[in-house]
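Peer 1: Mind having a look at this structure? Questions to follow.
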DNA sequence: AAATCGTGGAA
DNA sequence: TTTCCAAGATT
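This is how it looks when you write it as structure tokens:
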């Protein structure tokens, strides 16, 4: 008899240890999966759970979100971060209604064509919602595969085609089993094979992990580029949006001016929010979240 | 292809 | 206190 392979070991572990997340319930549809995947982009699970519950209660189908305003989507997004995702998710709902009759498409190419849906999210939906056999590679999977298979301390900065290939080779042939395996690898990276202090004791693949076998060599050199936040345009955008989010309708520019003293930076941040479709000018000296109120008066004849 | 884009909690 | 980083996408 042969030893269980990587996919089998991780899948068995997952079946006993998977977290009980709401979007993993057996009856959730593709829309629920899609919403969760977008919210989880760069945002921790613990913060997503309540936001996802509220979002799904309000907009249980794509058509419901598509019929509401970007402003409402931005408000419901709350403080999940990267609020462009809220606008894109609504754009995505509109596209699903227009192109696919209101149903989340199951084809990878159609998914990839949706706003805010990239390589990871498209594959995640195809696999987790529709049970298709596609490698689903996020930062967790990249790290796990990089360590366990290649024996390297860390993965590259972004998902590359080689990562998809390396992951695909680990998946079982049967589509449902492959999808389960992808979820399992992701979960392993999230709770066991973590970035900072991996808990190798209790890892289901400790015995066949290349990184473990080589003594868990540390990453070389100074880590990645600094990720400072204070004083950046991002912070200013966040402050501006915070005011607009908590106010209904137009906000006088004079009030927005109070969130940041540097005129140049504040103006640049506000212009960026407009460019990104989050904010729109109203009249001469006011701004509001996009669609937050009646549309601008049409030109009179 | 490197930069940009929020937020908050834990180490 | 500072630093790290958490299911990426877009340009």
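In full-length UniProt numbering, the protein residues as written are 1 to 301. The beta-carbon is built from N, C-alpha and C at its ideal position, and this holds for glycine as well.
Let's test the definition: count the other Cβ atoms within 10 Å of the Cβ of residue 142 and tell me whether it reaches 16, buried, or not, exposed.
Peer 2: For the purposes of this step, residue 142 is identified with residue 142 of the first chain, where counting begins at 1. Buried, since its Cβ has 16 or more Cβ neighbours within 10 Å.
Peer 1: Distance, Cα to Cα, residue 207 vs residue 290?
Peer 2: The count along the first chain starts at 1 and reaches residue 207 at position 207. The count along the first chain starts at 1 and reaches residue 290 at position 290. The alpha-carbon atoms of residue 207 and residue 290 are separated by roughly 54 Å.
Peer 1: Where does residue 284 fall in DSSP's three states?
Peer 2: Along the first chain, one-based indexing puts residue 284 at 284. Of the three classes helix, strand and coil, the one that applies to residue 284 here is coil, per DSSP.
Peer 1: Run the CB neighbour count on residue 119, radius 10 Å, all protein chains shown included, and call it buried at 16 or more, exposed below.
Peer 2: By 1-based counting over the first chain, the position of residue 119 is 119. Residue 119 is buried by the Cβ-count criterion.
Peer 1: Who are the near neighbours of residue 130 in its chain, counting only those whose CB is closer than 8 Å to its CB and skipping five residues on each side?
Peer 2: Working through the first chain from its first residue, we reach residue 130 at position 130. Shown here for residue 130: same chain residues with a beta carbon closer than 8 Å to its own, the five before and five after excluded, namely 30 and 106 in chain order.
Peer 1: Do you know how far the Cα of residue 264 is from the Cα of residue 104?
Peer 2: Numbered from 1 along the first chain, position 104 holds the residue referred to as residue 104. Numbered from 1 along the first chain, position 264 holds the residue referred to as residue 264. For residue 104 and residue 264, the distance between alpha carbons rounds to 42 Å.
Peer 1: For residue 78, which residues from the same chain have a beta carbon less than 7 Å from its beta carbon, with the 5 sequence-adjacent residues on both sides left out?
Peer 2: Walking along the first chain from the start, residue 78 turns up at place 78. Around residue 78: 51.
Peer 1: In three-state DSSP terms, what is residue 26?
Peer 2: Stepping through the first chain from its first residue, residue 26 is reached at position 26. Coil.
Peer 1: Is the beta carbon of residue 172 sitting closer than 8 Å to the one on residue 178?
Peer 2: Translated into positions along the first chain, residue 172 becomes position 172. Translated into positions along the first chain, residue 178 becomes position 178. Result yes, Cβ atoms of residue 172 and residue 178 sit closer than 8 Å.
Peer 1: Please report the residue range of the alpha helix (DSSP H) in which residue 312 lies.
Peer 2: Since the first residue shown for the chain is 1 and the last is 301, residue 312 is missing from the structure and cannot be characterised.
Peer 1: Could you give the residue range of the alpha helix (DSSP H) that holds residue 83?
Peer 2: The residue labelled residue 83 in the question sits at position 83 within the first chain. Premise fails: residue 83 is in no alpha helix (DSSP H) and is neither H nor E.
Peer 1: Quick check on this structure: which residue in 68, 24, 63 and 66 has the alpha carbon closest to the alpha carbon of residue 53?
Peer 2: The residue labelled residue 53 in the question sits at position 53 within the first chain. Ranking the options by Cα distance to residue 53, first place goes to 24.
Peer 1: Could you check how far apart the C-beta atoms of residue 188 and residue 240 are, in whole angstroms? I think they sit under 8 Å.
Peer 2: The residue you call residue 188 lines up with position 188 of the first chain. The residue you call residue 240 lines up with position 240 of the first chain. Not really, about 40 Å apart at Cβ, beyond 8 Å.
Peer 1: Put residue 111 into one of helix, strand or coil per three-state DSSP.
Peer 2: Along the first chain, read from residue 1 onward, the residue named residue 111 stands at position 111. Helix.
Peer 1: Residue ranges of each alpha helix (DSSP H) run of no fewer than 4 residues wholly in the UniProt domain "HhH-GPD" (39–191), ordered along the chain?
Peer 2: 45–58, 62–66, 70–77, 84–100, 108–112, 119–128, 139–145, 161–168 and 175–191
Peer 1: What are the start and end residues of the alpha helix (DSSP H) that includes residue 241?
Peer 2: The residue labelled residue 241 in the question sits at position 241 within the first chain. It spans 233–245 - the alpha helix (DSSP H) in which residue 241 sits, taken as one unbroken run.
Peer 1: Using the Cα positions of residue 100 and residue 12, report the straight-line distance between them to the nearest angstrom.
Peer 2: As a first step, residue 100 is located in the first chain; it is residue number 100 there, counting from the start. As a first step, residue 12 is located in the first chain; it is residue number 12 there, counting from the start. Cα to Cα, the separation comes out at about 36 Å.
Peer 1: Using the C-alpha atoms, what's the distance from residue 116 back to residue 140?
Peer 2: Position 140 of the first chain holds residue 140. Position 116 of the first chain holds residue 116. Those two C-alpha atoms are separated by around 20 Å.
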